[in-house]
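A short write-up of the structure that comes next.
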Amino acid sequence: MSIIEPIPLETLNQKNFEYRLNLARDLLVPDELFFQITAHAPGYAEALFDAMYQSHALGEVDHILKEIIRIRLTQYSKDTYFSNLRSKKAQDLGLTEERIEAGCGNYSDDNQFTPAEKWALNYASLMYSNPKMVNADFYTEGKKLYSEANIMELGAFIAFHYGMQMFMRTLKLLPLNGSNQ
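Note that my numbering has the sequence shown beginning at 3, numbered continuously upward.
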């Protein structure tokens, strides 16, 4: 059970939350529990979801890659809530559990990942395992594979999702269905 008591969905301000709940139901990351917990501070719940959705479901960087990175980050955050959620959008685009496992494993020697994908996966790993390695040389290499806008998109995505994972971990949340979606 969560440390913070979930608010019943029917008590949420439908004007403010209905659209966001529908987006979440379509994507499945996060699930409704995210709203039930964060809605204790409604304005923050809206802003957090909007930022999470923007960074995860929108933008120019491939959604499948972002989904693999999001799950890879849970290895560092040790978060059971986000680690067990799966993006329906990514699954609909062809993402499999096998590819997720490969991206969370020794991706650097795996031919199914492009050099750009390997750089992005490494970016996510280094931010939390060895941030001193994310330096000018690292970004110079990244600029050969991504535009500066894409690098900003990836960096913000990584930082935001890891931070949300750490926060949710402290609340001891599990997805509503208790398993992978």
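Virtual Cβ for every residue (Gly too), placed ideally from N, Cα, C.
{"query": "N-terminal and C-terminal residue of the alpha helix (DSSP H) that T142 is part of", "result": "138-145"}
{"query": "Residues near G144 by beta carbon distance below 6 Å, same chain, minus five either side", "result": "W121, I153"}
{"query": "Cut-off 7 Å between Cβ atoms - residues of its own chain near A104, not counting five sequence neighbours on either side", "result": "D112, Q114"}
{"query": "Cβ neighbour criterion (16 or more within 10 Å) applied to K68", "result": "buried"}
{"query": "Cβ-based burial, E119 [other Cβ within 10 Å; buried from 16]", "result": "buried"}
{"query": "Beta-carbon spacing of S79, Q167 below 8 Å", "result": "yes"}
{"query": "Buried or exposed (CB count within 10 angstroms, at least 16 for buried), A151", "result": "exposed"}
{"query": "Contact under 8 Å by Cβ, Y141 with L123", "result": "no"}
{"query": "Buried versus exposed call for A163 [16 or more other C-beta atoms within 10 Å across all chains shown]", "result": "Looking at the sequence provided, one finds His at residue 163 rather than Ala. Classification for H163: buried."}
{"query": "Spatial neighbours of G96 in its chain, beta-carbon cut-off 8 Å, leaving aside the 5 residues before and after", "result": "I66"}
{"query": "DSSP three-state assignment for H42, whether helix, strand or coil", "result": "coil"}
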